[in-house]
Structures are given as C-alpha cells and as structure tokens.
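Have a look at the structure below, then the notes.
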Amino acid sequence: MAQVTLGRTGITVEKNGFGALPIQRISKGEAVALLRRAYEGGMRFFDTARFYTDSEEKLGEAFAGMRGRVYIATKTGATTAEGFWKDLETSLHNLQTDYVDLYQFHNPDFCPKPGDGSGLYEAMLEARQKGMVRHIGITNHRLHVAREAVESTLYETLQFPFSYLATEKDILLVEQCKEAGMGFLAMKALSGGLITNSAAAYAFLAKYPHVLPIWGVQRQRELEEFLSYIKEAPVMDDRLEAVIQRDREELLGDFCRGCGYCMPCPVGIEINNCARMSLMIRRAPSQAQLTPAMQEKMKQIENCLHCGRCKSKCPYGLDTPALLEKNYKDYCEILAGKEL
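Numbering of the sequence shown is given in this note's numbering, commencing with residue 1 and proceeding in unit increments.
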C-alpha cells in the first residue's frame, strides 16, 4: 500500500483520491453507494466543489455520522468576500458538517493574497481561525498562477492537471511543490478521458511519492479498478512504458484536455467536447459519439465566428478555432466512412 502526505497539512491517505465531479451525473442513491464502497475499499480523500451541482449533497448523505473518518475537500469560485462566505456556508450545509478539511480557491485567474483588494484570502484566514476550514488550498489550470501560488507560501496545497502527458514545465511545478512543503493533488490524471490505461497512469504517478491523484469516478467498475491498486499497485515495466511512449507520441501537442474554461461559446459550440472529438472516437470508439444529436453539435462548428474568445481563455494556449476546424474535418471523414 502506498500512502501520501499532503505537504505540511499532515493529511496522510492512500494514494487514491476520489474525484466527485462525475457523481453529479448519477442518482443520489447510486452516488451514495459508490462513495460508501470507495470508503470500504480504502479511499479516504474525497474532492468536490460548489460548482459540481449536487455533488456536495451526495457526499454529505454518504458520510453523515462518520465525518471524522474521511477527509473532504471542496472549492469556492467566489470572486468577493461576500461570495466566499455564502459558498462556504452552503458547502457546510450540503456536506452536513461544520468544517472542511481542505478549502480551495477554484481556478481563479489570479492568485489571491492578503491586501490584493478582493478580500478573499482574508476571508479564508478568518474561516480557518473559526475552525470552519482546516487547511487552505488552490486549484488552477494556468501555469503562471500555479507558480505564483507556490512562490507565495500562502497555500498548503495545489491542485493542478498532472499525468504522463505532462510537459517538463508541469514536472518542474510538481517538484517545486515538494521543495516548498506543499501538497500536490493531481487532477485530470487520465487527461480528461484520453488516457485509457489506468495502470500506466498510476505507475507514472507512483514516481512522485508526494502527489495524490484525484480520479474522477462515476461507475462501479471504474472504482473497483482504482481500489484494486490499493492492495496491488501497478509497477512500471516495459509494457507500461511502451503504453506511455505510444500515448505521448499520439497525444502530446495541440490537444484539448476538455477542461471547459473556454466556455461558453457565443454561438453555442460545445467546445470542450468538440475540440477533441476525433481523438475520443479513435481512442474509445462509441456510437454515442456518432449519434444524430452529436452530429448536430459538431455541425455547430460551421457557425464559428472566429472571435477568439475561446482562444484567449484557453489555459493551455491552444488555437481553439483551428482545433475545432480540424476536429470537424476529421469527424466528417469518419462519418463518411461509416454506415449510420
């Protein structure tokens, strides 16, 4: 069994975090059963957010009466102190608790600091002094904001995308967190579904003992796969190295991670799905990607205004309009060669 300690928080758990974004897509009964099975199987760290619709409520229901046995992290996307307190009170109510183990600023476009005029960090400190928040963290998709958070020494944890598709800059950030005594939570450890070999993903992250992967879980079979790694963790070998090398050759470069921060589109294009559609079809063939409804969504790309809004908001610096155009062309070619 491999355990991770999140920096100076002292939180020590199995190297398997439960990402609760996907459970907003299933019923409360299914979600509660999944969460309790995760606990029974050894998971102790559960990550959610105010932004994830009813995800917090489902966690609250699942762990009512056993609060001290799990670590719960949630997030606020507030931009003002007033919004911060509203979010925190709502989260505590939904989670059926009077404290959050780790409270995180959710992908802000700047690094909240004391005296910056927003009042956010001051509110966070007050919440910790009152015992409503035990540890302070930040999540981000922007490398420069993440670096600033590490350098500020104001945060106990950073949550940032990290997988075997990482760049040298991403890896350096992970190492900087270690040197700063800062916990690192790896979001998108499966790169938004593009990585389909969880054993390879786990074995890669095992090289970083201070990193806690947050796996997005929605189905029982997915959960059981990750739980099995608690008893018998995948070990990097020639086979898994070959999987990683092949994926890096195919996927590194201009590919959309599906984070959705480019949204909304002024003409209604579902950018976060459409901009990586051809890859998703080739890596995980599914009729769900070729339905009339999905074809209609892809056809919306024809209405692109080339306004540049999505491109300017992409935290990875992608030329999103060009990527949409390429994916639409590939999609149409796939359709032309398939009977529907």
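We put the CB at the ideal spot given by N, CA and C, even for glycine.
Just so it is clear, the structure is predicted and the values come from calculations on it, not from any experiment.
Item                                                                                                                                                                                            : Value
Of all the alpha helix (DSSP H) runs that stay within the bounds of the region 199 to 223, which reach a length of 4 or more residues?                                                          : none
Rank Tyr164, His106, Leu223 by C-alpha distance to the C-alpha of Arg50 and give the top, closest one.                                                                                          : His106
In chain order, what residues of the same chain have a beta carbon less than 7 angstroms from the beta carbon of Arg257, not counting five sequence neighbours either side?                     : Pro161, Lys188, Ser191, Gly192, Tyr316
Within a Cβ cutoff of 8 angstroms, which residues of the same chain sit near Met124, ignoring the five residues on either side of it in sequence?                                               : Phe84, Tyr103, Phe105, Pro112, Val133, Ile136
Give every residue of the same chain whose Cβ lies closer than 6 angstroms to the Cβ of Gly119, excluding the five residues on either side of it in the sequence, and list them in chain order. : Ala81
Determine the burial state of Glu56: buried for a count of at least 16 other Cβ atoms within 10 Å of its Cβ, exposed for fewer.                                                                 : buried
Could you name the residues of the same chain whose beta carbon sits closer than 6 angstroms to that of Cys332, not counting the 5 residues immediately before and after it, in chain order?    : none
What's the call for Leu212, buried or exposed, on a 16-neighbour Cβ count within 10 Å?                                                                                                          : buried
In this structure, does DSSP put Val243 in helix, strand or coil?                                                                                                                               : helix
Going by beta-carbon coordinates alone, are His141 and Cys265 separated by less than 8 angstroms?                                                                                               : no
To the nearest angstrom, report how far apart Cys177 and Arg69 are at their CA atoms.                                                                                                           : 27 angstroms
Give me the Cα-Cα distance between Ala166 and Thr139, rounded to the nearest whole angstrom.                                                                                                    : 17 angstroms
Hey, does Phe18 have any beta-carbon neighbour from chain E nearer than 8 angstroms?                                                                                                            : Note that chain E does not occur in the displayed structure, where there is just one protein chain.
What residues match up with Asp47 in a beta bridge as DSSP calls it?                                                                                                                            : Gly19, Ala73
Taking just the CA atoms, how far does Ile195 sit from Pro285?                                                                                                                                  : At Pro285, the pLDDT of 46 sits below 50, so the modelled position is not reliable; the number obtained from the coordinates is stated separately. The alpha-carbon atoms of Pro285 and Ile195 are separated by roughly 14 angstroms.
Classify Pro285 as helix, strand or coil using the three-state DSSP reduction.                                                                                                                  : For Pro285, the predicted model reports a pLDDT of 46, less than 50, meaning its position is unreliable and no value from the coordinates is stated.
Give the range of the beta strand (DSSP E) segment to which Asp101 is assigned.                                                                                                                 : 100 to 106
In this structure, does DSSP put Phe160 in helix, strand or coil?                                                                                                                               : strand
Quick check for students: name the residue ranges of the alpha helix (DSSP H) that lie wholly in the region 255 to 283, counting only runs of 4 or more.                                        : 271 to 274, 277 to 283
Once you ignore the five residues that flank Ile26 on each side, which residues in its own chain have a CB closer than 7 angstroms to its CB?                                                   : Gln218
Which same chain residues, not among the five before or five after Ala2, have their C-beta less than 6 angstroms away from its C-beta?                                                          : Lys15, Ala233
Sorted by chain position, which residues of the same chain lie with C-beta nearer than 6 angstroms to Tyr164's C-beta, five sequence neighbours on each side aside?                             : Phe204, Ile244
Do the CB positions of Thr74 and Thr53 come within less than 8 angstroms of each other?                                                                                                         : no
Note down the Cα distance separating Leu172 from Ala146, rounded to an integer number of angstroms.                                                                                             : 12 angstroms
On the CB-based measure, 16 or more other CB atoms within 10 Å of its CB, does Ile11 come out buried or exposed?                                                                                : buried
By Cβ distance below 6 angstroms, which residues in the same chain neighbour Gly77 in space, the five residues on each side in sequence not counted?                                            : Phe51, His106
State the DSSP-derived secondary structure class of Ala2, mapped to helix, strand or coil.                                                                                                      : coil
Check whether the Cβ atoms of Gln300 and Gly337 lie closer than 8 angstroms to each other.                                                                                                      : no
Let me know if Arg276 comes out buried or exposed under the rule of 16 or more other beta-carbons within 10 Å of its beta-carbon.                                                               : buried
In the DSSP assignment, find the unbroken alpha helix (DSSP H) run with Ala186 in it and report its ends.                                                                                       : Element bounds for Ala186: not the alpha helix (DSSP H) but the beta strand (DSSP E), 183 to 187.
Taking the beta strand (DSSP E) that Ala37 falls in, what are its first and last residues?                                                                                                      : Before going on, a small fix: residue 37 reads as Arg here, not Ala. Note, Arg37: premise wrong, no beta strand (DSSP E); alpha helix (DSSP H) at 28 to 40.
Suppose the cutoff is 7 angstroms on Cβ atoms and the five residues either side in sequence are ignored; what does the same chain contact list for Tyr328 look like?                            : Met298, Ile301
Between which two residues does the beta strand (DSSP E) holding Ile136 run?                                                                                                                    : 133 to 139
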